[in-house]
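Here the structure is laid out as structure tokens; the discussion comes afterwards.
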Amino acid sequence: MVPAPVTYPDRPFLRWKFTYKDTGRRDNTDSGLRDNPVTYLEACEKLHGAFSEFSEKAGISVEPVQFEDIKKKVKSVLKVEADKEGRIYAWKRSTENGNLFKVTEQDKSLHYSPYFWEQQKEDFEYMENSQEMIQKQVYRFHQAAGYHRHYTLKQLLPKHNILVV
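Pasting the structure below:
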């Protein structure tokens, strides 16, 4: 099965381009080459910098790793040509092996279960009042996601002259 072109930006290993269907102009209908590995690597470096700065200021930085020290490893994970689950596995394997940062005992004990989140949503109908719901992690996550979406669409993107309708 060939993936739809609309998913190309979400595939970190792709280099691609497209032609605009009808721009009303004779020139510049080619999008130019989109080099996802380069773009994703740059994003990873920026995220690493932001998280490093936060952890340092919060006093929770433990044996920080410079991005240059892990850049090749990050690049190799980004180039994994697999479906979403395969790419998730590549990231997990790389972190569990200590390739990206020192893995602590606390890190090893972390486990994500989608069923935990789903069960919290199922529990909503059995709660006595809304105050109980507000205390649930799944509710807080969705509230934060809503704030983040609003900020991104209404403030951040317009600040850079990008409008999403």
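For the sequence shown, the working numbering puts the final residue at 313, and the numbers step up evenly by one.
Each residue gets a CB set at the ideal place from its N, CA and C atoms; glycine is no exception.
A quick note: this is a predicted structure, and the numbers were derived from the prediction, not measured.
Original post:
If we call anything under 7 Å between Cβ atoms a contact, is residue 166 one with residue 179?
Top reply: yes
Subject >> Own chain residues within Cβ distance below 8 Å of residue 286, not counting five before or after >> reply: 265, 268, 269
Subject >> One or two residues paired with residue 271 in a DSSP bridge >> reply: According to DSSP, which records beta bridges pairwise, residue 271 is partnered with nothing at all.
Subject >> Closest Cα partner of residue 157 within the set 260, 226, 307 >> reply: 226
Subject >> Cα-Cα separation, residue 254 to residue 279 >> reply: 31 Å
Subject >> Simplified DSSP assignment, three categories, for residue 158 >> reply: helix
Original post:
Within the chosen definition, does the stretch 190 to 198 reach the stretch 211 to 224 through at least 3 CB pairs nearer than 8 Å?
Top reply: yes
Original post:
So, do the stretch 238 to 257 and the stretch 203 to 220 have three or more beta carbon pairs nearer to each other than 8 Å?
Top reply: yes
Original post:
Roughly how many angstroms lie between the CA atoms of residue 311 and residue 303, to the nearest whole one?
Top reply: 10 Å
Subject >> residue 243 - DSSP class collapsed to helix/strand/coil >> reply: helix
Subject >> Straight-line Cα distance separating residue 284 from residue 159 >> reply: 33 Å
Subject >> Bridge partners - residue 178, DSSP secondary structure assignment >> reply: 167
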